[in-house]
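Numbering (the working numbering), first residue to last: 5 to 452. Here a beta-carbon is modelled for each residue, glycine too, at the ideal position from N, C-alpha and C.
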Ligand code: ZN
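Written out as C-alpha cells, the structure is:
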C-alpha cells in the first residue's frame, strides 16, 4: 500500500530544518519512503490532495495521566498540593472500566489534535480494581495511537509523611512487582513498536527514596526508560529541602536519577547548576505549559534547558489540570510562555514545532524512528488544513500552525494507518466515547 500526499507545504523537522513550500510525502508499508519538493513522481495506491495543507511529523506527547479525564473541572483555583489533596480521594475510586473510558477519551482528543505517540504516566492502582494498565493499552489499540505506558507508583502515604492518603498507595514490593509485570507483558523494544513501557515512581512527595532507587535499578536492568515528576512547584522544593536537605534536582541526582535514559515532567524550579547538569546528562524534560499555567506552578526554563543540551518535549499533563487535553495547542502555549519569560526571541515557531516532534521523540528515546519526516522513519504524520478563515493569508505555514488557531486535521497517520480523516477520528465513534466518559465521570462522582 503506497499513500502519496501531494501538493502540501512540508515541514520535515529534520536536522537541517528542511521545508518545502509545495512538496510531497510518499508512504509505503507504514514507513516514509520519500519526501521532496514539487509534485510526487508517482500516484501510488491512494493519492491525498494536500493543497492548502501543511504536513508535519505527528506530535509526541511526553507526559499525561489519561485516567484524569474522568475528573475534569475540579479543584479549579488550587495549588498543586491543594489540588492533589482534593483529587486523591476521588482517584481512589477508579477501576478498569473508568480507566478505559477516560483513556479512550484522552487518546481520541490527542489524536484529533495531531498526536501520534502518547506517554501515559499512570500511578494510581487502588487494590482490587483489576488491571488498569491493560485498560490503557486496550484504549491505545482502539484509537490507534502509539503508547508509552509509564507504570507509575506511590509507596509513601500520609503515615510515612507523604501527601497521598494511605488508601491509594502501594507497598514498595507491590509497586515493583506490578512494574516488572507491566514491562514483561507490554514492553516491545522492536523498531516501530506500538507499545513501550517505562518506569515511573510518581514524585518526591509520594515515593520513598528506597522505591526511587529500586525502580531505577529495575528499569536499567530491564533496559527501559525512567520518568518522574520533578521540580514542579515551590512547595515541592520547600518540602524536599526540609526532608532531604536538597533541592528536588539535587535529590534526583543523589539517587542516580539524572541520565540519558530519564525524562522528567515539568522541571520548572531548577537552578542554573541544575539546568547545566540536566543538559550534560542528556536528561529530558516534558514541558507542560497549559497545566503549569492552570496550577500557577511557574514557567519552565525551556530556552535555558535547550541551550544546555537537554532534550525538551511537550506534554499535555492530566486533563484534571488541563481540561482541553489537546496537544496541538501546546505548541502555542510553549511559545508564549517562553516569551513571557525570555522575550519575543526566546522561542521561535519552528523551535516550538521541534519541541512537539523531535524533542518529544528524544525524550522517549525514539528519535531514530519518529519525530521527523525522513525516509525510513515511521509514517507518523499530521496533515493540517490551513486554507480556511483562521489562517487565510498567513504565508508562513509553520507560523500559521503554531501562532494561529489550531487547524483541523485533513489526515493523521500512525505507522501509515489512518487515525483521523477530515477532522474525524476513524476507529471510534466520538459520540460513544463522550457518552462512556460522561457515565464514567458520573459513576466516579457518585461513589465518593
Ligand atoms: Zn503530571
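- request: Evaluate residue 241 with the Cβ neighbour count: other Cβ atoms within 10 Å of its Cβ, from every protein chain shown; 16 or more gives buried, anything less gives exposed.
  value: As a position in the chain shown, residue 241 is number 237, starting the count at 1. By the 10 Å Cβ count, residue 241 comes out buried.
**Item:** Residue closest to residue 336, alpha-carbon to alpha-carbon, out of 163, 40, 87, 117
**Value:** The residue you call residue 336 lines up with position 332 of the chain shown. Cα-wise, what sits closest to residue 336 is 117.
Can you tell me whether residue 171 is buried or exposed? The criterion is at least 16 other CB atoms within 10 Å of its CB, across all chains shown. Within the chain shown, residue 171 is the residue found at index 167, counting from 1. Residue 171 is exposed by the Cβ-count criterion.
Mind the definition here: the stretch 233–247 touches the stretch 203–210 only if three or more C-beta pairs lie below 8 Å; say whether that holds.
yes
- Item | Endpoints, beta strand (DSSP E) assigned at residue 388 | As a working note, residue 388 is residue 384 in the chain shown. Taken as a continuous stretch (DSSP letters only), the beta strand (DSSP E) holding residue 388 covers 385–389.
Check: Under the rule that 16 or more other beta-carbon atoms within 10 Å means buried, what is residue 247, buried or exposed?
Finding: As a first step, residue 247 is located in the chain shown; it is residue number 243 there, counting from the start. Around the beta carbon of residue 247, fewer than 16 other beta carbons sit within 10 angstroms, so the residue counts as exposed.
Margin query: Within 10 Å of its beta-carbon, does residue 216 have 16 or more other beta-carbons around it, so buried, or fewer, so exposed?
Written below: Start at 1 with the first residue of the chain shown, and residue 216 comes out as number 212. Flag for residue 216 reads buried.
### Query
Which runs of the beta strand (DSSP E) fall wholly inside the stretch 404–449 and span at least 3 residues, in chain order?
413–418, 421–425
Would residue 228 and residue 202 qualify as a contact pair, given that the criterion is a beta-carbon distance under 9 Å? Along the chain shown, one-based indexing puts residue 228 at 224. Along the chain shown, one-based indexing puts residue 202 at 198. Yes, the pair counts as a contact, with Cβ atoms nearer than the cut-off.
Query raised in the report: Are residue 357 and residue 309 close, meaning C-beta to C-beta below 9 Å?
Result: Along the chain shown, one-based indexing puts residue 357 at 353. Along the chain shown, one-based indexing puts residue 309 at 305. The answer is no: Cβ separation not under 9 Å.
Could you tell me the alpha carbon to alpha carbon distance between residue 85 and residue 166, rounded to whole angstroms?
Locating residue 85 in the chain shown gives position 81, counting from the first residue. Locating residue 166 in the chain shown gives position 162, counting from the first residue. For residue 85 and residue 166, the distance between alpha carbons rounds to 11 Å.
Any heavy atom of the ligand ZN closer than 8 Å to the Cβ of residue 322? Residue 322 sits at position 318 when you count from the first residue of the chain shown. Residue 322 Cβ: within cutoff of the ligand ZN.
Self-check item: Contacts around residue 222, its chain only, beta-carbon distance under 7 Å, and the 5 residues preceding and following it disregarded
Solution: As a position in the chain shown, residue 222 is number 218, starting the count at 1. Cβ within range, chain order: 180, 183, 184, 203.
Of the residues 359, 446, 383, 451, the one placed nearest residue 19, counting alpha carbons only
By one-based count along the chain shown, residue 19 stands at place 15. Here the closest residue by C-alpha is 359.
**Prompt:** Mind checking whether residue 299 and residue 139 have CB atoms under 9 Å apart?
**Reply:** Translated into positions along the chain shown, residue 299 becomes position 295. Translated into positions along the chain shown, residue 139 becomes position 135. Cβ distance not < 9 Å, so residue 299 and residue 139 don't count as in contact.
| task | Please name the residue or residues paired with residue 270 in a DSSP beta bridge. | result | Along the chain shown, read from residue 1 onward, the residue named residue 270 stands at position 266. Paired residues: 234.
Practice item. Evaluate residue 126 with the Cβ neighbour count: other Cβ atoms within 10 Å of its Cβ, from every protein chain shown; 16 or more gives buried, anything less gives exposed. Key: For the purposes of this step, residue 126 is taken as the residue at position 122 of the chain shown. Its Cβ being crowded by 16 or more others within 10 Å, residue 126 is buried.
**Report entry** Option in 370, 58, 447 with minimal Cα separation from residue 66
**Finding:** Locating residue 66 in the chain shown gives position 62, counting from the first residue. Residue 370 is the option with its Cα nearest to residue 66.
Item to check | Through-space distance from residue 279 to residue 31, alpha-carbon basis | outcome: Position 27 of the chain shown holds residue 31. Position 275 of the chain shown holds residue 279. The alpha-carbon atoms of residue 31 and residue 279 are separated by roughly 39 Å.
Chain-order list of residues whose beta-carbon lies under 7 Å from that of residue 467 (same chain, five-residue window excluded) = Any question about residue 467 goes unanswered here, given that the chain covers just 5 to 452.
| To which residues of the same chain is residue 284 closer than 8 Å at the C-beta, ignoring the five residues directly before and after it? | Translated into positions along the chain shown, residue 284 becomes position 280. Answer for residue 284: 312, 313, listed in chain order.
Determine the contact status of residue 320 and residue 294, defining contact as a CB-CB distance below 9 Å. As a working mapping, residue 320 is identified with position 316 in the chain shown. As a working mapping, residue 294 is identified with position 290 in the chain shown. Contact flag set, yes.
Query - For residue 57: DSSP bridge partner residues - result: Numbered from its first residue, the chain shown carries residue 57 at position 53. BP columns for residue 57 point to 389.
* Asked: What residues match up with residue 86 in a beta bridge as DSSP calls it?
  -> Taking the chain shown and counting its residues from 1, the one referred to as residue 86 is at position 82. Paired residues: none, contrary to the question.
field: Where residue 243 falls: helix, strand or coil (DSSP)
entry: For the purposes of this step, residue 243 is identified with residue 239 of the chain shown, where counting begins at 1. In this structure, residue 243 counts as helix in the three-state DSSP scheme.
Using the Cα positions of residue 175 and residue 414, report the straight-line distance between them to the nearest angstrom.
-> Along the chain shown, read from residue 1 onward, the residue named residue 175 stands at position 171. Along the chain shown, read from residue 1 onward, the residue named residue 414 stands at position 410. Looking at the backbone, the Cα of residue 175 and that of residue 414 are separated by about 47 Å.
Under the three-state reduction of DSSP, which class applies to residue 41: helix, strand or coil? Looking up residue 41 in the chain shown gives position 37. In the structure shown, residue 41 sits in a strand (DSSP, three-state: E or B).
Q) From this set, 158, 5, 327, 402, which residue's C-alpha is nearest residue 68's C-alpha? A) The residue labelled residue 68 in the question sits at position 64 within the chain shown. Shortest Cα-Cα distance from residue 68 to any of 158, 5, 327, 402 involves 327.
Worksheet item: From which residue to which residue does the alpha helix (DSSP H) around residue 206 run?
Response: Taking the chain shown and counting its residues from 1, the one referred to as residue 206 is at position 202. Looking at the DSSP string, residue 206 is not in any alpha helix (DSSP H), and its letter there is neither H nor E.
Q.
Quick check: what's the CA-CA separation for residue 287 versus residue 267?
A. Mapped onto the chain shown, residue 287 falls at position 283. Mapped onto the chain shown, residue 267 falls at position 263. Going from the Cα of residue 287 to the Cα of residue 267 covers about 6 Å.
Less than 9 Å between the beta carbons of residue 16 and residue 378, yes or no?
Residue 16 sits at position 12 when you count from the first residue of the chain shown. Residue 378 sits at position 374 when you count from the first residue of the chain shown. Result yes, Cβ atoms of residue 16 and residue 378 sit closer than 9 Å.
TODO: Just the C-alpha distance for residue 40 and residue 187, rounded to the nearest angstrom, thanks.
DONE: Stepping through the chain shown from its first residue, residue 40 is reached at position 36. Stepping through the chain shown from its first residue, residue 187 is reached at position 183. Each residue's Cα considered, the two are about 39 Å apart.
Q: Would you verify that the beta carbon of residue 162 is, or is not, closer than 9 Å to some beta carbon of chain D?
A: Although the question refers to chain D, the structure presented lacks it and comprises just one protein chain.
Where residue 304 sits in the DSSP three-state scheme
By 1-based counting over the chain shown, the position of residue 304 is 300. Three-state result, residue 304: coil.
Quiz item: So does the stretch 381–401 actually touch the stretch 49–63, counting three or more Cβ pairs closer than 8 Å?
Solution: yes
Reduced DSSP category for residue 25 - H, G, I as helix; E, B as strand; rest coil | Residue mapping note: residue 25 aligns to position 21 of the chain shown, counting from 1. It is a strand residue.
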